[in-house]
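S.K.:
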Amino acid sequence: MRTLLIAVVALLLAGCSENSVWWKANNAWGTGTFPVSNDGQAALYIVREPAYPDAPAINITVGRQPLVGLTAPNWVRLDLPPKLYDLRAYGPQTNSELIITVAPGQTRFLLAQPTPTGGAELLELSQEQGRKLVRKGERLWTPEIDSDY
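Counting along the sequence shown from 1, when you hit position 128 you're at 184 in the working numbering, and nothing is skipped either side.
1. As a quick exercise: from THR117, LEU100, LEU126 and ASP135, pick the residue whose alpha carbon is nearest that of ALA111.
2. Going straight from the alpha carbon of ILE156 to that of THR89, what length do you get?
3. Where does TRP85 sit, in a helix, a strand or coil, going by DSSP?
4. Between the Cα of ASN115 and those of LYS188, GLN185, GLN169 and LYS192, spot the shortest distance and give me the residue it belongs to.
5. Can you check which of these residues, GLN149, VAL132, PRO129 and PRO160, is closest to LEU140 by C-alpha distance?
6. Have a look at the DSSP bridge pairing and note the partners of ASP142.
7. If you draw a straight line from the alpha carbon of ASN82 to that of GLN149, how long is it in whole angstroms?
This is the structure:
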């Protein structure tokens, strides 16, 4: 009986450790405390990793509409109706385009980063990577996107 009790306690302690699958899924960047998309919309987070203090902002546009000059380590959240979006990231010399389609209930993360050629690019991040970067930075105010886009 005593051996069974010790085994049960050991299993309970192992299940509550930070290395357990449950802990990682529900607490370490899980959705339990992270805002999800609004009903009928998708949440798109655009994040920037920490950079050196003089790093220039990366300007982001949606279609032809300027959105934000993203500085490090900040982020923006867009609540978007489901459809196709043309996003561009502008560096000091060149820009790059990323076309995405969002679906209702989706939460997606994009990383805005400079390129070695003086441009900027947007790369898709995993949920875990995106949430970690969002928690490291501060949210920037962003204007509403025109519904015509």
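Note that the Cβ used here is the ideal one computed from N, Cα and C, for glycine as well.
Remember, predicted model here, so these are calculated numbers, not experimental data.
M.R.: For this structure:
1. Your numbering for residue 111 matches position 55 in the sequence shown. Of the candidates THR117, LEU100, LEU126 and ASP135, the one whose C-alpha sits nearest the C-alpha of ALA111 is LEU126.
2. Your numbering for residue 156 matches position 100 in the sequence shown. Your numbering for residue 89 matches position 33 in the sequence shown. For ILE156 and THR89, the distance between alpha carbons rounds to 26 angstroms.
3. As a first step, residue 85 is located in the sequence shown; it is residue number 29 there, counting from the start. Residue confidence is low: TRP85 scores 42 on pLDDT, short of 50, so the model does not pin down where it sits. Its coordinate-derived value is still stated next. TRP85 falls in the coil class under three-state DSSP.
4. The sequence position of residue 115 within the sequence shown is 59, counting from 1. Nearest option by C-alpha distance: GLN169.
5. Within the sequence shown, numbered from 1, the residue matching residue 140 stands at position 84. Considering only alpha carbons, the answer is PRO160.
6. Here residue 142 refers to the residue found at position 86 of the sequence shown. Paired residues: ILE155.
7. For this step, residue 82 is matched to residue 26 along the sequence shown. For this step, residue 149 is matched to residue 93 along the sequence shown. Residue confidence for ASN82 is low, a pLDDT of 40 falling below 50, so the modelled location carries little weight; the figure read from the coordinates is stated next. In a straight line, the C-alpha of ASN82 is about 42 angstroms away from that of GLN149.
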